[in-house]
Amino acid sequence: MNSRDQILAKLKTNKPKLIDLPLIETSIFRDEGLDIIKEFIKKVEVVGGNVLEVTSNQDVINKIESTFTNQEVCYSHIKGTQGFNTISLETIQNPHDLENLDVLILESTLGVAENGSVWLSDQEIPVRVLPFITKHLAVVISKKDLVEYMHEAYSRLSGFNYGVFLAGPSKTADIEQSLVIGAQGALSITIFLKQ
Amino acid sequence: MKVGLFIPCYINQLYPQVGKATLELLEKLNVKVSYPSGQTCCGQPMANSGYESESIGACNHFIDNFKDFDYIVTPSGSCAYHVKKHYDIIPQTEDVINVRNNVYELCDFILNILKIKDIGASFPYKVGVHKSCHGLRGLRLGSCSERVEASYSYIEELLQHTKGVELMPLQRSDECCGFGGTFAVVEEAISVKMGKDKIKDHLESGVEVITATDTSCLMHLEGLITRNHQPLKVLHIAEILNSNL
Amino acid sequence: MSHSELASIFNKNEKKVDWHDKALWFVRHKRDLSVHEVKGWEALRNLGHGIKAHTLSNLDNYLIEFEANAIKNDIQVHWAADGDEHNRIVHNIIKESNGKKVVKSKSMLTEECHLNPFLEAHGIEVIDTDLGERIVQLAKEKPSHIVLPAIHKNKHEVDKLFQEHLGTKPCDGDPQYLTGEARKHLRQKFIQADVAITGVNFAIANTGGFVVCTNEGNADMGAQLAPVHIACMGVEKIIPKQEHLGVFLRLLARSATGQPITTYSSHFKKPRKGEKMHIVIVDNGRTEQLSRPDFRTSLHCIRCGACMNTCPIYRRSGGHSYDATIPGPIGSILSPGKDLKKYSSLPFASTLCGSCSDVCPVKIDIHSQLYKWRQIITKETPQPFVKAQTMKIMGQMFSKPSQFERVGKAVRWSLRNLPKSVINSKLNTWGKARDLPEGPKQSFDQWYEERKNNQKD
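Protein chains in written order, with our numbering: chain A, -17 to 177; chain B, 691 to 935; chain C, 56 to 512.
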């Protein structure tokens, strides 16, 4: 018997009698009076991100250009902002070529108020390494795309091949428990909230 | 209501004053208490050391002593917990089931069975409560800091109704003191360090008297306090509630 | 050495113990603040427990479902009965892709299987990319905590280590500078890597995908750059459906560090175009643990480390005193299942205070299992003669009131009359740092008897 069959056979013999799968009754978690937008902003800040309110994609570009001055390598994946790009993804042979990316702008269609995370999947990330390898990450999201908690978020997710809930900049506290922002991933994240 | 008093072995031999205070207190509250003679031990020292099988004689003896009572009251959360939680090693006769259901830690009994909050005691000192673990997380004699639940504490509720008591807050409200039965000897270094840290917390809060539902924790802390000549006293909760100073 | 011996050594430096205790208590405190914000936290824990219990009771079928879905998604699935087979499988995948350089994000499973030394012996460079793991790797040590691998090291030690290995400048232990230098060092490793290895936090049966959680972004930096991604998981990592992630991702980071969620919760389902993705499913003693009714819930563990942060013994003895891959309370109920004799002191490294069970996000009754392992250990491993005899004698004494009274009287007399130097002699471990109570003249029994007689008069 190969290891697969051996393991499965042992599990079959050793497992207890079938125990019912509990149902997730989400109403017990719902906080009725919660202002989802306020909570989302609060939690993005808790996880180390910044939140700016914007009116249009051009507004995003303007705010980025005034916040991150003199950046060399920039790429935006949001509509109508091609002028911002200093690189073309078509010419990228290898994800390694993105190593010097300074600013990246992506769009998300799902944000979670309870933890300040935004969902980014293959549909929003043309090259998977982008949100990790960039120095600075900007994510644009509409207020209507914010949900209260993770249960609701998962009820909206399907059909992706890769996706990440991303909450704040990369961080570590591995040296004497001192929080340092900017470990192996992005050094900063700015969330742009659209009406 | 037939109430049997259970005095744990080490209290019987080393801290008889705690037993006396418990008995006198219950009598003050008009409880007719019987003290079955020939009590020994609940079996916990052997069982927690991994020798549950050697404790069966003690368990059976305990059941024999207490099977005829409606309530069994003891000044030890830890021993009460042991009877409730670990007496599954002897056959579950009706007597065993009854004894396990009816054993109560003293504060729990006063508050929840007698429904008395104010005993009329007075004790004009700054008091620090040590929430002994088996009572707290085993018997749920209070809310514990790990769980998200409404805040309560039987021992503190009784102290709040004791005249003159000033309850002092701790940095770590319910961390273990490091006694742990044979742990105190097997893991001597850690046990002592935990005890020292616990005492420091009380001292820094300005506590004059440490109290608890368990004398075992207090024996460990007192051992350190005495050795290190620290300005603290330890008293079992029964001794405070039986005071009229 | 036993836990108590190693813990005594750790306790020789009281300042370090105090630092270690405070650092971890701080994490526990952050966890408290964070979970108190969640409405229905205890219900969430119940769900976590219930979903895991259900999954274990149907684990073979869920693994089959997971495998089928993963294969549909172009993931290659491998099965390993033990650590050796796991290492051979991983090595073969690397060999097939002509890999020489591997970057690895945190995986306690690969620690358990001793993957790094195995690959290194075959001439492969393995770089741990989690900062804490990289620190202990450079120091040639093992992680002392499953979430904070280098918590036993102070910043000056890291400073020195980085000067030696990464050529950094002396910086008086500046964490910002040191982390920045590690970032540069690891960037090079990510760029050069042929293969990325990650662990798996959750594997989802109904999608064939899996989730990896990190704060540093190191799992994705590895997996999204290297042409080959190998994810290693124990059989117990399965959850039935994607919606169950809603429960576990809410529980995990809050319990671990007090964050509402880890910075990156990456959901891998299909490899990048043209690249390869492998999953290695490992048993290594888990099916056996499943067969033990008293201990099978230890397999619920989601590796948050909360039981370590809350454990007053762990905080004061350091992770290395457990001498096991998974230290602390959860490790002390897992390890005896693997090697009862070697780990026989671990279930005794506890006061049974129960804090671990109350902090556990999936409600494993850790302290009850510690108690149960004790009962097994005294029966199945050699015990010191004196201890076994003492317990026997105590057991007999407590069965007979007359014996109990006689012994009690002798003890009280000794405590009253023997000089302190005798009471606190070397034979009395209690007395090394603590006094014993004064022996009272009368026991409670005697006082009660006397009072009864007086009342009669």
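Heads up, the beta-carbon is just placed ideally off N, CA and C, and yes, glycines get one too.
List, in chain order, every chain C residue whose beta-carbon is nearer than 8 Å to that of residue i.
i	result
GLU912 of chain B	ASP490, PRO492
ALA120 of chain A	Simply none; closest approach about 16 Å.
LYS(-6) of chain A	ASP115
VAL29 of chain A	GLN314, PRO315, ILE316, THR318
ASN143 of chain A	ASN128, LYS324, LYS325
MET691 of chain B	The premise fails here: MET691 of chain B is roughly 20 Å from chain C at the closest Cβ pair, so nothing lies under 8 Å.
ASN67 of chain A	Residues of chain C passing the Cβ test: none, with the nearest at roughly 20 Å.
HIS78 of chain A	ILE246, LEU280
For residue i, which residues of its own chain have a beta-carbon under 7 Å away from its beta-carbon, when the five flanking residues on both sides are left out?
i	result
GLU493 of chain C	LEU470, ARG471
LEU216 of chain C	ILE190, LEU193, ALA194
ILE421 of chain C	CYS362, PRO384, ILE385, ILE388, CYS411, SER412, CYS415
Closer than 6 Å by C-beta to residue i: which residues in its own chain qualify, once you throw out the five before and the five after it? Chain order, please.
i	result
PHE173 of chain C	ASN142
LEU716 of chain B	VAL723
GLN314 of chain C	ALA308
TYR705 of chain B	THR905
GLY383 of chain C	CYS362, MET363, CYS366, TYR369
The alpha helix (DSSP H) spanning residue i covers which residue range?
i	result
GLN40 of chain A	39 to 49
VAL875 of chain B	873 to 876
GLN734 of chain B	734 to 738
ALA488 of chain C	Careful: ALA488 of chain C lies outside any alpha helix (DSSP H) and carries neither H nor E.
PHE22 of chain A	18 to 28
CYS769 of chain B	767 to 776
THR110 of chain C	96 to 111
ASN702 of chain B	699 to 704
Quick one: give me the first and last residue of the beta strand (DSSP E) that residue i is part of.
i	result
THR269 of chain C	265 to 269
LEU695 of chain B	693 to 695
ILE99 of chain A	This sequence places Ser at residue 99 of chain A; Ile is not what is there. Per DSSP, SER99 of chain A belongs to the beta strand (DSSP E) from 99 to 103.
Taking 9 Å as the CB-CB limit, is residue i close to chain D?
i	result
VAL90 of chain C	Absence of chain D from the displayed structure is noted, the protein chains being A, B and C.
Quick one: which chain A residues come within Cβ less than 9 Å of residue i?
i	result
ASN509 of chain C	By Cβ distance, chain A contributes nothing, its closest Cβ being about 60 Å from ASN509 of chain C, past 9 Å.
HIS109 of chain C	LEU0, ILE1, ASP2, LEU3, PRO4
PRO348 of chain C	PRO(-2)
Considering only DSSP beta bridges, list what residue i is partnered with.
i	result
CYS356 of chain C	According to DSSP, which records beta bridges pairwise, CYS356 of chain C is partnered with nothing at all.
HIS284 of chain C	C:ALA251, C:MET332
ILE171 of chain A	A:LEU119
ALA274 of chain C	ALA274 of chain C pairs with nothing; no bridge assigned.
PRO180 of chain C	Looking at the sequence shown, residue 180 of chain C is not Pro but Glu. C:LYS156, per the DSSP bridge assignment.
TRP134 of chain C	C:ILE336
THR317 of chain C	The partner list for THR317 of chain C (beta bridge, DSSP) is empty, contrary to what the question assumes.
VAL36 of chain A	A:LYS176
LYS853 of chain B	B:SER812
What does residue i touch in chain C if you count any residue whose Cβ is under 9 Å from its own?
i	result
LEU83 of chain A	In chain order: nothing, as chain C lies at least about 12 Å away.
ASP13 of chain A	LYS94
ILE697 of chain B	PHE499, ASP500, TYR503
HIS751 of chain B	PHE453, SER454, LYS455, PRO456
Check the Cβ of residue i against every Cβ in chain C and list those closer than 7 Å, keeping chain order.
i	result
GLN703 of chain B	GLY463, VAL466, ARG467, SER498
ASN(-11) of chain A	As written in the sequence, residue -11 of chain A is Ile, which differs from the Asn given in the question. Going along chain C in sequence order, the residues near ILE(-11) of chain A (Cβ under 7 Å) are TRP134, ALA136, VAL290, ASP338, THR342.
CYS834 of chain B	ASP413
TYR725 of chain B	TYR503
Give me, in chain order, the residues of the same chain whose beta-carbon lies closer than 8 Å to that of residue i; leave out the 5 immediate sequence neighbours on both sides.
i	result
SER423 of chain C	SER412
GLU460 of chain C	SER498, ASP500
ARG480 of chain C	Sequence inspection shows Ser at residue 480 of chain C; the Arg mentioned does not correspond to that position. Cβ neighbours of SER480 of chain C beyond the five flanking positions: GLY486.
Residues of chain A with CB closer than 7 Å to the CB of residue i, please, in chain order.
i	result
VAL302 of chain C	ILE6
GLU140 of chain C	SER(-15)
ASP378 of chain C	Per Cβ cutoff of 7 Å: no residues; ASP378 of chain C is ~22 Å from chain A at best.
Starting from the beta carbon of residue i, find every residue of chain B whose beta carbon is closer than 7 Å, and list them in chain order.
i	result
THR24 of chain C	The structure shown does not extend to residue 24 of chain C, since chain C is modelled only from 56 to 512, so the question has no answer here.
LEU407 of chain C	ASN738, GLY870
Using a Cβ cut-off of 9 Å, pull out every chain B residue sitting near residue i, in sequence order please.
i	result
VAL417 of chain C	Residues of chain B passing the Cβ test: none, with the nearest at roughly 14 Å.
When you compare the stretch 237 to 257 of chain C with the stretch 194 to 211 of chain C, are there three or more beta-carbon pairs, one atom per stretch, that lie closer than 8 Å? no
Using 8 Å as the threshold, is the stretch 157 to 166 of chain A in touch with the stretch 735 to 743 of chain B, meaning 3 or more CB pairs across them? no
Between the stretch 376 to 395 of chain C and the stretch 97 to 104 of chain C, are three or more C-beta pairs nearer than 8 Å? no
How about the stretch 69 to 85 of chain A and the stretch 105 to 119 of chain A: do they share at least three Cβ pairs that are nearer than 8 Å? yes
Do the stretch 342 to 359 of chain C and the stretch 849 to 866 of chain B make contact, defined as three or more Cβ pairs closer than 8 Å? no
Count the C-beta pairs between the stretch 868 to 879 of chain B and the stretch 844 to 856 of chain B that are closer than 8 Å, then say yes if the count reaches three, no if not. no
Using 8 Å as the cut-off, can you tell me whether the stretch 322 to 339 of chain C makes contact with the stretch 286 to 295 of chain C, which would need three or more C-beta pairs spanning the two stretches below that distance? yes
Counting beta carbon pairs with one atom in the stretch 233 to 245 of chain C and one in the stretch 217 to 225 of chain C, are three or more of them shorter than 8 Å? yes
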